[in-house]
Every structure is written in C-alpha cells, then in structure tokens.
Amino acid sequence: MTESPRILIIDDDEAIRRTLSTILEEKGYIIDTAKSAEEAIKKSASAYYNLALIDIKLPDIEGIDLLNKLQEISPEMIKIILTGYPSLQNAVKAVNRGADGYLIKPVNIDDLHKMIKKHLKRQEEERRYSEEKV
C-alpha cells in the first residue's frame, strides 16, 4: 500500500473517538470521525475510507442498521462493530448484516490493530487481484 489507509471512527462518545483517533494515527492511519450515523453516511458518500469502526449504539440509528447503508455507499469498505453491550444475538446479527468484525469495549488495542491489519491486507489483496483481472 502506498497511501496510508483511511479509517472512519463512528461513535457518539467523544472520548472514545479521540482516544482511538490518537492511537490509530500513531500507527500510521489517516483518521476521520463521526458522532452519528447521519454524519458517517455523509462523510462516506464524499470520501473513501478503507475501514469503519462502528459503535453499536448511535444516537440516530443502531450501528447494525448503519452497516447496510455503508455497504450501499462503499461495498469494499471494511466494517467493524464495537460494542459495550456484548451478546451472541448482536454478534450474529452484525455478521449477518455484513460486519467484518466485532469487538467488545473496552477495546484491547492490540486485538483491534491485529484485526485492522488482517482486514486491510485482505482488502489490498482483493484490490490487486481485481486489477490483475482487468
């Protein structure tokens, strides 16, 4: 990858947005944030993001419902759900709606970074494969 991956952090909690932004920027990612699903949809429609970290509880709609909207806007975007309300039902629902990952808050930064790297590597391989086929 020549350009740093772009990550959109979607969470209504400013402290979480700020903390994740700082940590991920230090790891070399370009970070943008949104405090609501509406803001995330607008930003995703006007800019490309490799990956989105999505809080399951947002002020306007559920993070799981946002998955479908982001899939329509940017099908190749990796979508990882973050939740402070873990349940098997939510995890299954998230995966069935297109989540690429599911992590429980407070997020273990090493686990998050491993998941991000794994999915970005897969995304890059898929992009290269698509370019080779053309």
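When you line the sequence shown up against the working numbering, it's residues -6 to 127, in that order.
Even for Gly, the Cβ is constructed at its ideal location relative to N, Cα and C.
Straight-line Cα distance separating residue 22 from residue -3: On the sequence shown, residue -3 is found 4 positions in, with the first residue counted as 1. On the sequence shown, residue 22 is found 29 positions in, with the first residue counted as 1. Residue -3 and residue 22 have their C-alpha atoms spaced approximately 6 Å apart.
Buried/exposed call for residue 102, threshold 16 Cβ in 10 Å: By 1-based counting over the sequence shown, the position of residue 102 is 109. Residue burial is scored here from C-beta neighbours: residue 102 has fewer than 16 other C-beta atoms within 10 angstroms and is therefore classed as exposed.
Buried or exposed (CB count within 10 angstroms, at least 16 for buried), residue 35: Counting from one through the sequence shown, the residue named residue 35 turns up at place 42. Result: exposed.
Identified DSSP bridge partners for residue 42: Here residue 42 is taken as the residue at index 49 of the sequence shown, counted from 1. BP columns for residue 42 are empty, so no partner.
6 Å Cβ shell around residue 9 - same chain, five flanking residues per side excluded: In the sequence shown, counting from the first residue as 1, residue 9 sits at position 16. Nothing meets the Cβ criterion.
When 118, 30, 20 and 41 are compared against residue 49, the one with the closest alpha-carbon: One-based indexing of the sequence shown puts residue 49 at position 56. The option with the nearest alpha carbon to residue 49 is 30.
Paired residues, beta bridge with residue 55 - DSSP: On the sequence shown, position 62 is the one that residue 55 refers to. 50.
Ordered list of beta strand (DSSP E) runs contained in the segment 72 to 114, each at least 3 residues: Restricting attention to beta strand (DSSP E) runs no shorter than 3 residues, the segment 72 to 114 encloses them at 94 to 97, ordered along the chain.
Status (buried if at least 16 other CB within 10 Å, exposed otherwise) for residue -6: Translated into positions along the sequence shown, residue -6 becomes position 1. Only weak support exists for where residue -6 lies, its pLDDT of 44 falling under 50; the value from the coordinates is given anyway. Residue -6 should be labelled exposed.
Closest by C-alpha distance to residue 70, when choosing among 120, 5 and 126: Taking the sequence shown and counting its residues from 1, the one referred to as residue 70 is at position 77. When C-alpha distances from residue 70 are compared across 120, 5 and 126, the shortest belongs to 120.
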